[in-house]
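S.K.: Line by line, the protein sequences are chains A and B.
Residues in the first sequence are numbered consecutively from 16, following this note's numbering.
Residues in the second sequence are numbered consecutively from 5, following this note's numbering.
By construction, the Cβ of each residue, glycine as well, lies at the ideal position given by its N, Cα and C atoms.
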Amino acid sequence: MAAVIPLAPRRSRARRVVHALLIAAALSFLLLFLLLPLAAVFVEALRKGVGVYLAAVVDPEAIAAIKLTLLVAAIAVPLNTVFGVAAAWAMTRFEFRGKAVLGALIDLPFSVSPVVSGLIYVLLFGAQGWFGPWLEKYDIKLIFAVPGLVLATVFVTLPFVARELIPLMQSQGSDEEEAARVLGASGWQTFFRVTLPNIRWALLYGVLLCNARAMGEFGAVSVVSGHIRGLTNTMPLHVEILYNDYNYAGAFAVASLLAFLALVTLGFKTFLEWRYGAELAARAPRGH
Amino acid sequence: MARRVLPGFGLSLGYTLAYLGLIVLLPLAALAVKASGLGLGGLWDTLTSAQVLAALRLSFGAALLSAVINAVVGLLVAWVLVRYTFPGRRLFDALVDLPFALPTAVAGIALTTLYAPKGWLGAWLVPLGVKIAFTPLGVLVAMIFVGFPFVVRTVQPVLESLDRDIEEAATMLGASRLQTFTRVLFPLLLPALLTGFALALARAVGEYGSVIFIAGNIPLKSEILPLVIVKQLEQHKYSDAAAVGVIMLALSFLLLLAISLLQRWTQRWTER
Chain A
16 MAAVIPLAPR RSRARRVVHA LLIAAALSFL LLFLLLPLAA VFVEALRKGV GVYLAAVVDP
76 EAIAAIKLTL LVAAIAVPLN TVFGVAAAWA MTRFEFRGKA VLGALIDLPF SVSPVVSGLI
136 YVLLFGAQGW FGPWLEKYDI KLIFAVPGLV LATVFVTLPF VARELIPLMQ SQGSDEEEAA
196 RVLGASGWQT FFRVTLPNIR WALLYGVLLC NARAMGEFGA VSVVSGHIRG LTNTMPLHVE
256 ILYNDYNYAG AFAVASLLAF LALVTLGFKT FLEWRYGAEL AARAPRGH
Chain B
5 MARRVLPGFG LSLGYTLAYL GLIVLLPLAA LAVKASGLGL GGLWDTLTSA QVLAALRLSF
65 GAALLSAVIN AVVGLLVAWV LVRYTFPGRR LFDALVDLPF ALPTAVAGIA LTTLYAPKGW
125 LGAWLVPLGV KIAFTPLGVL VAMIFVGFPF VVRTVQPVLE SLDRDIEEAA TMLGASRLQT
185 FTRVLFPLLL PALLTGFALA LARAVGEYGS VIFIAGNIPL KSEILPLVIV KQLEQHKYSD
245 AAAVGVIMLA LSFLLLLAIS LLQRWTQRWT ER
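#1: Are the C-beta atoms of Ala274 of chain A and some chain B residue less than 8 Å apart?
#2: Report the residue ranges of all alpha helix (DSSP H) runs contained in full by the stretch 122-165 of chain A; include only those spanning at least 4 residues, in chain order.
#3: Taking its Cβ as the centre, do 16 or more other Cβ atoms sit within 10 Å of Glu151 of chain A, making it buried, or is it exposed?
#4: Using a Cβ-Cβ cut-off of less than 9 Å, list which residues of the stretch 166-179 of chain A approach chain B; keep chain order.
#5: So which residues on chain A does Val81 of chain B lean against when the C-beta distance must stay under 8 Å?
#6: Let me make sure I understand the geometry here. Which of A:Ala227, A:Ala229, A:His253 and A:Gly118 has the alpha-carbon closest to that of Ala177 of chain A?
#7: Which residues of the stretch 107-139 of chain A have a Cβ closer than 8 Å to any Cβ of chain E? Give them in chain order.
#8: Please name the residues in the stretch 232-257 of chain B whose beta-carbon is closer than 7 Å to at least one beta-carbon of chain A, in chain order.
#9: Am I right that Gly126 of chain B and Tyr119 of chain B are in contact with their C-beta atoms under 8 Å? What's the rounded C-beta distance?
#10: Counting only the same chain and skipping the five closest in sequence on each side, list residues whose C-beta sits under 6 Å from that of Gly124 of chain B.
#11: If you run the structure through DSSP and keep just helix, strand and coil, what is Lys38 of chain B?
#12: Kindly indicate if chain B contains any beta-carbon less than 8 Å away from that of His34 of chain A.
#13: So what does DSSP say about Asp97 of chain B, is it helix, strand or coil?
#14: Kindly indicate the opening and closing residues of the alpha helix (DSSP H) around Leu218 of chain A.
#15: What number of angstroms, rounded off, separates the C-alpha of Ser40 of chain B from the C-alpha of Pro148 of chain A?
#16: For Tyr291 of chain A, which three-state DSSP category applies?
#17: Using 8 Å as the threshold, is the stretch 76-87 of chain B in touch with the stretch 247-257 of chain B, meaning 3 or more CB pairs across them?
#18: I'd like the ranges of any alpha helix (DSSP H) spanning at least 4 consecutive residues and lying wholly in the stretch 249-291 of chain A.
#19: Under the assumption that Arg196 of chain A contacts Val9 of chain B (Cβ atoms under 8 Å), give the Cβ distance between them as a whole number of angstroms.
#20: How is Arg196 of chain A classed by DSSP in three states: helix, strand or coil?
#21: Under the assumption that Phe96 of chain B contacts Leu42 of chain A (Cβ atoms under 8 Å), give the Cβ distance between them as a whole number of angstroms.
#22: Using a C-beta to C-beta distance shorter than 7 Å, which residues of chain A count as neighbours of Thr117 of chain B?
#23: Assuming contact is defined by CB atoms lying nearer than 8 Å, are Ser256 of chain B and Gly220 of chain B in contact in what I supplied?
#24: Give me, in chain order, the residues of the same chain whose beta-carbon lies closer than 8 Å to that of Leu252 of chain A; leave out the 5 immediate sequence neighbours on both sides.
#25: Measuring only the C-alpha atoms, how far is Tyr247 of chain A from Leu86 of chain A?
#26: Should the stretch 131-147 of chain A be regarded as contacting the stretch 56-71 of chain A, the criterion being three or more beta carbon pairs within less than 8 Å?
#27: Compare the C-alpha of Thr50 of chain B against each of B:Trp269, B:Ile251, B:Leu32 and B:Pro31 and name the closest.
#28: Is the Cβ-Cβ distance between Val161 of chain A and Ala91 of chain A less than 8 Å?
#29: Using the C-alpha atoms, what's the distance from Leu278 of chain A back to Trp289 of chain A?
#30: Write down the C-beta distance between Pro140 of chain B and Ala66 of chain B rounded to the nearest angstrom, noting that I regard them as a contact closer than 8 Å.
#31: Which bits of chain B does Ala266 of chain A rub up against, with CB to CB less than 8 Å?
#32: Got a sec, what are the start and stop residues for the alpha helix (DSSP H) Gln204 of chain A sits in?
#33: Using a beta-carbon distance cut-off of less than 8 Å, what residues from the stretch 138-153 of chain A approach chain B?
#34: So the candidates are B:Ser214, B:Ala174, B:Met176 and B:Pro161; which of them puts its Cα closest to the Cα of Leu193 of chain B?
#35: Give the residues from the stretch 192-221 of chain B that approach chain A closer than 8 Å (Cβ to any Cβ), ordered along the chain.
#36: Can you tell me which of the three DSSP states Leu261 of chain B falls into?
Here you go:
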């Protein structure tokens, strides 16, 4: 799609050279800064052979970490999906005061450092925290335990689904839903038969991004986990432990699973954008 | 209001508020209260300690520099992806989002391995005297990685929506290609570019996972602000951790405010 303005051939040759240089500069940055680290993950993982790789992946601690990661995501993602739909419904179907503040509040977790996201739950539920003594009395452990991991993950992934749905539902408007109501559909019927089909691809898109972040979150869960091996280690935390133990092959083997998840997410995301671009439209420039 | 034809206002808004209250507001309140427990004097002492000041300087300085670099490179990449066709363009376009999708710990160990003295890139750079892994430069490299997609993804849609007529008009009126870019296109792209810059900056300031592996974490030299919080927590200095957390949160709020103002500006700009 090189610039289409017709010009004298003498200048267009110089322009082609400039184009080639710009393309080369941009692509070399992408290759060197983005693709090379990704390639390094897989090469390092397989450096000591497939046997070592498989052994690292089926190691009981690695399996426990994989299970815990799946469990945390299986709780956090549905919670934030329901929240995202409810928030988008409230934000786009009704007018009320303080809407802008509510919107900013929904986006807030994206701009909070992961470490601060973990810290706030330690200060709330940790031994020294607000509810610490009360929780201790009833022998409930939230911090350095699975519920803490879930809470921190819910916090960092909270905006994903809402952020996809709000601009889309805003631009779609509520005419179709109002028509359904006038024709006698109940509220839930309207939602399931009219709204949901209209937003399904954007919803899936949001869930996909939410899930990728939930499984890959490191900073926030690292603060609340207490790093108890086999008990509160998610996959990213397990990668850290192996790496700090100088078990590089093991660390990169588990990391390669996460990198694979990232690739699948990217592939699926690109497919959705390509196939259902129009139905995902009206997306604001996104954060994470 | 005519909009209330639809049901579920109380349910959806009530659920949204309750959820946000429990997950976001209550924990943030706990942070503020814990930090205020130090009193103004104690807060000041914590924040002006050598460790916190050094970390603040590194975190903010490196983040600022990384955002500047990402603004320049991001603009270039967005331009190339929108304006030129070349084989594999779609793949490169998808690759831009990699830092969003790749877990930060994975990025961290991969970058460290690449830039370590014996790594693929380190083996070339270290003999030249460029030490990246385990120095503040490593912090910069990791921050460039995690913040990269923001500028591309904010500039790209604006660039796509620009009317080619403007450029043709500029050319007809005798402007050179470079003049057309600097005088006509760049001002139109500026709001989006600044938004992307601010988003990348916000992300880089708070980044933890990808940085701690490559930084080496030498106290007063290559220790980032989030790591200071982690260390204070390990020493059970909860109030100090909360104080640093409040500062980081204040920085995020400022950037968030700047971003929303910029986005309003961008919208006005593109709707014209």
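M.R.: This is what the structure holds:
#1: Here the question's residue 274 of chain A lines up with position 259 in the first sequence. Interface residue, yes.
#2: 129-140 and 147-152
#3: Against the first sequence, residue 151 of chain A aligns to sequence position 136. Of the residues assessed, Glu151 of chain A falls on the exposed side of the cut-off, its CB having fewer than 16 other CB atoms within 10 angstroms.
#4: Those residues of the stretch 166-179 of chain A placed with their C-beta closer than 9 Å to a C-beta in chain B are Leu166, Val169, Phe170, Leu173 and Ala177, ordered along the chain.
#5: Taking the second sequence and counting its residues from 1, one reaches residue 81 of chain B at position 77. Ala41, Phe44 and Leu45, listed in chain order.
#6: If you number the first sequence from 1, residue 177 of chain A lands on position 162. Minimum Cα distance to Ala177 of chain A is reached at A:Gly118.
#7: The structure shown contains no chain E; the protein chains it does contain are A and B.
#8: For the stretch 232-257 of chain B, the set of positions with a beta-carbon nearer than 7 Å to some beta-carbon of chain A reads Ile233, Val234, Leu237, Tyr242, Ala245, Ala246, Gly249, Met252, Leu253 and Ser256 in chain order.
#9: Along the second sequence, read from residue 1 onward, the residue named residue 126 of chain B stands at position 122. Along the second sequence, read from residue 1 onward, the residue named residue 119 of chain B stands at position 115. With 8 Å as the limit, Gly126 of chain B and Tyr119 of chain B qualify as a contact, their Cβ atoms being about 5 Å apart.
#10: On the second sequence, residue 124 of chain B is found 120 positions in, with the first residue counted as 1. Looking at the sequence provided, one finds Trp at residue 124 of chain B rather than Gly. Excluding sequence neighbours, Trp124 of chain B sits near Leu118.
#11: As a first step, residue 38 of chain B is located in the second sequence; it is residue number 34 there, counting from the start. When DSSP states are grouped into helix, strand and coil, Lys38 of chain B belongs to the helix group.
#12: Taking the first residue of the first sequence as position 1, residue 34 of chain A is located at position 19. Yes, its Cβ sits closer than 8 Å to a Cβ of chain B.
#13: As a working mapping, residue 97 of chain B is identified with position 93 in the second sequence. Helix at Asp97 of chain B.
#14: Counting from 1 along the first sequence, the entry for residue 218 of chain A is found at position 203. Its alpha helix (DSSP H) spans residues Leu211 to Gly231.
#15: The residue labelled residue 40 of chain B in the question sits at position 36 within the second sequence. The residue labelled residue 148 of chain A in the question sits at position 133 within the first sequence. Taken atom to atom, the span from the alpha-carbon of Ser40 of chain B to that of Pro148 of chain A is near 20 Å.
#16: Numbered from 1 along the first sequence, position 276 holds the residue referred to as residue 291 of chain A. Residue state, collapsed to three classes: coil.
#17: No, because fewer than three Cβ pairs between the stretch 76-87 of chain B and the stretch 247-257 of chain B fall closer than 8 Å, the two stretches do not touch.
#18: 250-259 and 263-290
#19: Numbered from 1 along the first sequence, position 181 holds the residue referred to as residue 196 of chain A. Numbered from 1 along the second sequence, position 5 holds the residue referred to as residue 9 of chain B. Yes, Arg196 of chain A and Val9 of chain B are in contact; Cβ-Cβ is about 6 Å, under 8 Å.
#20: As a working mapping, residue 196 of chain A is identified with position 181 in the first sequence. Three-state result, Arg196 of chain A: helix.
#21: In the second sequence, residue 96 of chain B corresponds to position 92, counting from 1. In the first sequence, residue 42 of chain A corresponds to position 27, counting from 1. Confirmed, Cβ separation roughly 6 Å.
#22: For the purposes of this step, residue 117 of chain B is identified with residue 113 of the second sequence, where counting begins at 1. By Cβ distance, chain A contributes Ala55 and Glu59.
#23: Position 252 of the second sequence holds residue 256 of chain B. Position 216 of the second sequence holds residue 220 of chain B. Not a contact, by the Cβ cut-off of 8 Å.
#24: Against the first sequence, residue 252 of chain A aligns to sequence position 237. Excluding sequence neighbours, Leu252 of chain A sits near Ala80, Phe233, Val236, Ser237, Ser240 and His242.
#25: By one-based count along the first sequence, residue 247 of chain A stands at place 232. By one-based count along the first sequence, residue 86 of chain A stands at place 71. The sequence given here places Thr at residue 247 of chain A; Tyr does not occur at that position. Taking the straight line from one Cα to the other gives about 11 Å.
#26: no
#27: Your numbering for residue 50 of chain B matches position 46 in the second sequence. Checked all of B:Trp269, B:Ile251, B:Leu32 and B:Pro31; the closest Cα to Thr50 of chain B is B:Ile251.
#28: By one-based count along the first sequence, residue 161 of chain A stands at place 146. By one-based count along the first sequence, residue 91 of chain A stands at place 76. No, Cβ-Cβ distance for Val161 of chain A and Ala91 of chain A is not below 8 Å.
#29: For the purposes of this step, residue 289 of chain A is identified with residue 274 of the first sequence, where counting begins at 1. For the purposes of this step, residue 278 of chain A is identified with residue 263 of the first sequence, where counting begins at 1. Rounded to the nearest angstrom, the two C-alpha atoms are 16 Å apart.
#30: Counting from 1 along the second sequence, the entry for residue 140 of chain B is found at position 136. Counting from 1 along the second sequence, the entry for residue 66 of chain B is found at position 62. About 6 Å separates the two Cβ atoms, so the contact holds.
#31: Indexing the first sequence from 1 puts residue 266 of chain A at position 251. Ile113, listed in chain order.
#32: Your numbering for residue 204 of chain A matches position 189 in the first sequence. For Gln204 of chain A, the enclosing alpha helix (DSSP H) begins and ends at Gly202 to Thr205.
#33: Leu138, Leu139, Gly141, Gln143, Gly144 and Trp145
#34: Start at 1 with the first residue of the second sequence, and residue 193 of chain B comes out as number 189. The residue with the shortest Cα to Cα distance from Leu193 of chain B is B:Pro161.
#35: Hits within the stretch, in order: Ala196, Thr199, Gly200, Leu203, Ala206, Arg207, Val209, Gly210, Glu211, Tyr212, Gly213 and Phe217.
#36: As a first step, residue 261 of chain B is located in the second sequence; it is residue number 257 there, counting from the start. Reduced to three states, the DSSP call for Leu261 of chain B is helix.
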